[in-house]
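Worksheet: one structure, shown below.
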Amino acid sequence: MIKHTTLIFAALFLTTIVLLAVAAPMLPLVDPVKMDILGRMAGPSLAHPLGQDEYGRDVLSRIAFGARASLGVALTGAILAALVGVTLGLVGAYFQGWAEQATMRPLDVILSFPPMLLALLAVTLMGPGVQTLSVILALLFAPTYARVTFGEVLTVRNQEYIEAAKALGHRPTRILARTILPNVAGPILVQFSLVVAAGIVLESGLSFLGLGVVPPTPSWGLMVRGARPFMEANPLGLIWPCVALVLTVFSINRICDAMRDLFDPKASAAVLPVSRLLAGTGIGRSRARPAAPAAFDGTLLDIRHLSTEISTPRGTIRAIDGVSLQVKPGEAVALVGESGSGKSMTGLSVMQLLPRKVGRIADGEVWYASRDGQRTDLAHVPANLFRRFRGREMAMVFQEPMASLNPVYTVGFQLIEALTAHGQMTKRDAWDGARRMLERVGIPDPERRLNEYPHQLSGGMRQRVAIAIALCGDPSLIIADEPTTALDVTIQAQILDLLEEIQAAAGIGLVFITHNLGVVAEIADRVVVMYCGQVIEEGPVDDIFHNPRHPYTRGLLASVPRPEDMAGQHKRLSSIPGTVPSPLALPPGCRFAPRCDHATSACVVAVPELEAVSANQNTRCIRWKEI
Ligand SMILES: Nc1ncnc2c1ncn2[C@@H]1O[C@H](COP(=O)(O)OP(=O)(O)OP(=O)(O)O)[C@@H](O)[C@H]1O
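Take this note's numbering: the last position of the sequence shown gets the number 619, and nothing is skipped along the way.
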């Protein structure tokens, strides 16, 4: 209640002051520079409602005209500084490297100059005046904005919703303006209110030195300075400009606070109870898998001997090493393996979303067949041309939907962004399209949900929205990186059903990255088992589950609880002994040998090749026939 009252007061006060400043020359006010020696420091009267100053000038008139200079200088300076500083901070933090040097280092130079020296330099070059003051303020405050923005962007730039925006094929300028900027707007707005306040105060100091507003032109700062020596004889002369200053600064602060809340919907919106959010999420779909339409005969994705390197402070590692796998249209291929085995890096390499600067495809090919039948080696598509594949041809669903959705935009806005990313649409069509996408992923009451923010949805619904966004570009391939790991078990099952249903109905090729072999059995047609960046076994789900040939696959399967274990038939779950070796110190020969019960001296001689076990199954173990 108090919060709202202060906001209304702030808005009214600021509007009045701004109107007063704009309309001052048209109002029936006394000439603000006209002196009246007989009326020096006279108290309020009908002719002078706020009294007269040390030269007998009308205080009300000087407040109104003074607002023009003070607010004009402070607001212009703060806005100019924000435009320059925020742009440089965004570009420097997002692109880093040379962009950081080009944007942030010149600002460091400006910061190292004493402010007064800068002010004198500007006055020497431009002459004193209101415009010069605005430029000085912009120069002084742009580095502060840039630093605040730079720091904020660094904290959000690795968030999954930024990766999700890239995965949709958005341009960097669009990502900066529409995805990152709203998420860092809060601290920038706070900075803005501080800069306006500091600007008003600085204006008075610089005007006093003859570097800004030239007397007798009124400004609030000059009024404070003029009234100070007479504060005992005429306290009102000091109080009025101070009241105007304090209330203006307070109002700007309050309005900026409210705007910050607006940009951070979590701070203002009421969070709905989870039970209500979970109601009617569309549980209980049939598990029967419809036959995938034979949309395309060949392979949709054909990864051949793909190796990806990452530079780390301790040396370059091969995050994936010679990975080959194929995905057909309508086929679901699961990538499984312990943490660090290279599953995510495989997905990110295909999408060209490797960690900036440090990650690169070192070797291999990634053949992708577009809808028109054209095959492209994605590993060799330049980064600036790759955008046309993301979103439209292939999409990505991430693990944590709260992180992959942009927290400051409604569900509807984000869906419309995705729908319009690759083509123009009318607002009405985009809204209808967004509603249909929500219906498609089984979200009840889609019209209402379109107006809600991600934090107002349950985890399961958020993931449905993330899937809907991925589907907006009608992709042929979806890479889902542990899309159910962050969800509880019942919701996991619903999301799996949904993915399975959509993928099979639309003939989409699905690469499903997971730790969970239970999930693999549920969704996948084929399994690719990875260890230390290599594929160590692959084949159809049934073959891998019933006839695993690699000791590592066996170990993984033995560590999965089965229904009979739960039912009390005491079969001990085994875990694989030892830990995954560091990619910086890989063992010679078979990478699993140090943890393998069946390893012999022959296993450490050379890295085993993938060997065909049957027409469909391959394994990377030289002893598979014996064990
Ligand atoms: N940004 C990074 N910087 C340095 N090394 C990385 C980075 N990301 C991944 N790696 C390394 O690359 C290798 C493969 O990692 P990746 O994330 O693909 O494994 P994963 O199988 O997906 O694991 P998880 O299941 O934990 O996600 C690991 O050795 C990992 O430490």
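All residues carry an ideal CB built from backbone N, CA and C; glycine is no exception.
> Would you report the Cα separation of Val148 and Ile172, rounded to the nearest angstrom?
Replying inline: Distance from the CA of Val148 to the CA of Ile172, rounded to the nearest whole angstrom, comes to 7 angstroms.
> Gly205: beta carbon under 8 angstroms from a heavy atom of ligand 1?
Replying inline: The question names Gly, but residue 205 in the sequence shown is Val. Val205 Cβ: outside cutoff for every heavy atom of ligand 1.
> Apart from the five residues on each side of it in sequence, which residues of its chain come closer than 7 angstroms, Cβ to Cβ, to Ala422?
Replying inline: Cβ neighbours of Ala422 beyond the five flanking positions: Ile408, Leu411, Thr412.
> How big is the Cα-Cα spacing for Val188 and Ile244?
Replying inline: One C-alpha to the other measures close to 8 angstroms.
> Taking the alpha carbon of Gln609 as the point to measure from, which residue in Asp355, Pro540, Pro575, Thr592 has its own alpha carbon closest?
Replying inline: Among Asp355, Pro540, Pro575, Thr592, the Cα nearest to that of Gln609 belongs to Pro540.
> Hey, is Pro575 close to ligand 2, as in C-beta under 8 angstroms from one of its heavy atoms?
Replying inline: Within the structure as shown, ligand 2 is missing, the only ligands being ligand 1.
> Going by beta carbon distance, what residues of the same chain come within less than 7 angstroms of Arg583, once the five residues before and after it are set aside?
Replying inline: Closer than 7 angstroms at the Cβ level, and outside the excluded window around Arg583, lie Tyr523, Cys524, Gln526, Pro573.
> If we ignore side chains and look at the alpha-carbon of each, how far apart do Asp294 and Asn150 end up?
Replying inline: Near 28 angstroms, if we compare the C-alpha coordinates of Asn150 and Asp294.
> Among Arg518, Val315, Leu42, Leu548, which residue has its Cα nearest to the Cα of Asp535?
Replying inline: Answer by Cα proximity: Arg518.
> At which residue ranges does the region 148 to 179 contain complete alpha helix (DSSP H) runs of 4 or more residues, listed in the order of the chain?
Replying inline: Runs of the alpha helix (DSSP H) lying entirely within the region 148 to 179 and spanning at least 4 residues, in chain order: 152 to 159.
> With respect to the beta strand (DSSP E) encompassing Trp359, which residues constitute its N-terminal and C-terminal limits?
Replying inline: That run of the beta strand (DSSP E) goes 351 to 361.
> Given Ile500, which residues of its chain have a CB within under 8 angstroms of its CB, disregarding the five upstream and five downstream residues?
Replying inline: Cβ neighbours of Ile500 within its own chain (closer than 8 angstroms, five residues either side excluded): Pro321, Gly322, Pro467, Ser468, Leu469, Ile470, Ile494.
> Between the Cα of Thr506 and the Cα atoms of Gly332, His372, Phe405, which residue gives the shortest distance?
Replying inline: Looking at Gly332, His372, Phe405, the one whose alpha-carbon comes closest to that of Thr506 is Gly332.
>> Give me the residue from Leu198, Arg49, Gln44 with the minimum Cα distance to Met27.
In response: Taking Met27 as reference, the option from Leu198, Arg49, Gln44 with the minimal CA-CA separation is Arg49.
> So which of Ile619, Leu509, Thr571, Ala375 has the shortest CA-CA distance to Ala550?
Replying inline: By alpha-carbon distance to Ala550, the top candidate from Ile619, Leu509, Thr571, Ala375 is Leu509.
> Counting along the chain, where does the beta strand (DSSP E) carrying Arg32 start and finish?
Replying inline: Per DSSP, Arg32 belongs to no beta strand (DSSP E) and is neither H nor E.
> If Tyr544 and Ala395 are in contact, beta carbons under 8 angstroms, what's the gap, nearest whole angstrom?
Replying inline: Rounded to the nearest angstrom, the Cβ distance from Tyr544 to Ala395 is 31 angstroms, too far for a contact under 8 angstroms.
>> Which same chain residues end up closer than 8 angstroms to Ser606 when comparing Cβ atoms and leaving out the 5 residues on each side of it in sequence?
In response: Cβ within range, chain order: Gly531, Asp535.
> What do you reckon, is the C-beta of Glu601 under 8 angstroms from a heavy atom of ligand 1?
Replying inline: No, the Cβ of Glu601 stays beyond 8 angstroms of every heavy atom of ligand 1.
>> Which of the three DSSP states is assigned to Met343 in this structure?
In response: Collapsing the DSSP output to three states places Met343 in coil.
> Rounded to a whole number of angstroms, what is the C-alpha to C-alpha distance between Asp355 and His372?
Replying inline: Taking the straight line joining both Cα atoms gives about 10 angstroms.
> What do you get for Arg379, buried or exposed, if any count of 16 or more other CB atoms within 10 angstroms of its CB means buried?
Replying inline: A buried status is given to Arg379, since no fewer than 16 other beta-carbon atoms sit within 10 Å of its beta-carbon.
> What's the gap between the Cα of Lys617 and the Cα of His590?
Replying inline: Inter-residue distance for Lys617 and His590 is about 12 angstroms (C-alpha atoms, whole angstroms).
>> If you measure between the beta carbons of Val521 and Gly307, is that distance less than 9 angstroms?
In response: Not in contact: Val521 and Gly307 (Cβ atoms no closer than 9 angstroms).
> What is the DSSP secondary structure of Asp364, counted as helix, strand or coil?
Replying inline: Looking at Asp364 - three-state DSSP - the assignment turns out to be coil, as it is neither helix nor strand.
> For the beta strand (DSSP E) that His40 lies in, which residues bound it at each end?
Replying inline: Boundaries cannot be given for His40, as no beta strand (DSSP E) includes it and DSSP labels it neither H nor E.
> Among all the DSSP beta bridges, which residues are the ones paired with Leu292?
Replying inline: As DSSP reads the structure, Leu292 sits in no beta bridge.
>> As a quick exercise: from Leu109, Leu125, Arg139, Ile128, pick the residue whose alpha carbon is nearest that of Gly81.
In response: Checking every option, the nearest Cα to that of Gly81 belongs to Arg139.
> With distances taken between CB atoms, is the gap from Leu292 to Ser341 smaller than 9 angstroms?
Replying inline: Taking 9 angstroms as the Cβ cut-off, Leu292 and Ser341 do not qualify as a contacting pair.
> For the candidate residues Leu198, Thr300, Val358, Pro135, whose alpha-carbon lies nearest to that of Thr79?
Replying inline: For Thr79, the closest C-alpha among the options Leu198, Thr300, Val358, Pro135 is that of Pro135.
>> Does Pro569 pass the burial test, meaning 16 or more other C-beta atoms within 10 Å, or should it be called exposed?
In response: By the C-beta density criterion, Pro569 is exposed, having fewer than 16 other C-beta atoms within 10 angstroms.
>> Excluding the 5 residues flanking Gly290 on each side, which residues of the same chain have their C-beta closer than 7 angstroms to its C-beta?
In response: Exclusion of the five residues before and after Gly290 leaves Ala361 as the residues of its chain whose Cβ lies within less than 7 angstroms of its Cβ.
>> Between Ile154 and ligand 1, is there a pair consisting of the residue's CB and a ligand heavy atom that are separated by less than 8 angstroms?
In response: Taking 8 angstroms as the cut-off, the C-beta of Ile154 does not count as close to any heavy atom of ligand 1.
> What is the residue span of the beta strand (DSSP E) that Glu92 lies within?
Replying inline: Premise fails: Glu92 lies in the alpha helix (DSSP H), 90 to 104, not in any beta strand (DSSP E).
>> Taking the beta carbon of Trp90 as the centre, do at least 16 other beta carbons fall within 10 Å, making it buried, or is it exposed?
In response: Exposed, since its Cβ has fewer than 16 Cβ neighbours within 10 Å.
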